[in-house]
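Using full-length UniProt numbering, the first residue of the sequence shown is number 1, and each one after it goes up by one. Virtual Cβ for every residue (Gly too), placed ideally from N, Cα, C. What you are looking at is a predicted structure, and each value in this text was computed from that prediction instead of being measured.
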Amino acid sequence: MQEMQNFVRRTIQQAKERIDRLSQRRSDASQSAWPTGPGTLPDDVPQQPRSSFGVQVITQYEEFLAAVRFLTVLPAPSRSRFAQTAETLPTPIVGSGYFSLVGLLLGVLLALWALFLSASLRLPSLVVAVLVLIAQILLTGGLHLDGLMDSCDGMFGGTSRERKLEIMRDSRVGSFGVLGGACTLLFKFAAFVTLADSNYLLPLALLMVLPLARWAMVLTVYIFPGARSAGLGADFRQTVTRPRLLLAAIIALIVVLAVGRLPGLAAWFGGTLAALLVGVWATRVLGGLTGDIYGAIEEVAEMVALLVLVLLRFTF
């Protein structure tokens, strides 16, 4: 039994190290792709005059691409492929206003995958749920799950604010992280199985849950202070402005109302409330939120929204 526990711990630790390397590459790519001032454009990028409307179109398109690169492992063209002026993007961005739209993109991909597995291959619900869950982890690079595991280690393993933050900064996974990650995956698996037993309910749930969970994360980034003055979480927080917050909220609301109507709206409220509660708790304990807490909030919002949809599945 001890050997099995050690094997599970080593496996999770190796997976977490790979996730950390992926997150570091995302951070490095963001810093290198989005210059922070004039005169930082490469020499080979042509600088062409543009109208205000043209600059806005390019800027919004690049914000969406930045969100895709930040939240997923999907290929997206880099900034250097576009001609622009040095004033186009004066500050680093991660496209927070389009997080809900990226969630919808992930939801569409996973919904099509679920439909293919269940309708075309006619696989049992258990198999469909496992394969959809694996696909979700692969498409996101385990970004939010990694944050949840680090948050569990820090929030439940430290005795002081400083110690909690130190534990969360450590790349090694602890017992609370293992338990938190395992419970999250088990809950999602059970919810996916339950929804897959109903006709086309799992694809509909994926279309709603993924956008609203990312909206809930953006909301907490905007509302709550940061626990650290530097780091990826602090950089992320600086990019969330009121217009981007409203854009993320509108996209998420349109999606849940169009796909799920009243049950979808209930899931939206449930996921948002859960995110706010986690934000309040983390702020009381840590004095603010970190990048890991943001990932944990996204996962908690997903689980609460899934729970609401499971409870309301007979109303669809």
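For V132, the uninterrupted alpha helix (DSSP H) segment begins and ends at S125 to T140. If the five residues before and after V193 are omitted, its C-beta is found closer than 7 Å to the C-beta atoms of S125, L126 and A129, all from its own chain and listed in chain order. Less than 8 Å divides the Cβ of P211 from the Cβ of G103. G295 is positioned such that its CB atom lies closer than 8 Å to that of L143.
DSSP places R242 in the uninterrupted alpha helix (DSSP H) bounded by R242 to L286. Look at G97 here: in three-state DSSP terms it is helix. Under the three-state reduction of DSSP output, G174 falls in the coil class, being neither helix nor strand. With respect to the C-alpha of G177, the residue from V308, V73 and F156 having the closest C-alpha is F156. The beta carbons of A234 and G226 sit closer together than 8 Å.
DSSP, read as helix, strand or coil, puts L74 in coil. The three-state reading of DSSP puts L312 in coil, since its state is none of H, G, I, E or B.
The three-state reading of DSSP puts G158 in coil, since its state is none of H, G, I, E or B. As the crow flies, the alpha-carbon of A301 is around 23 Å from that of R228.
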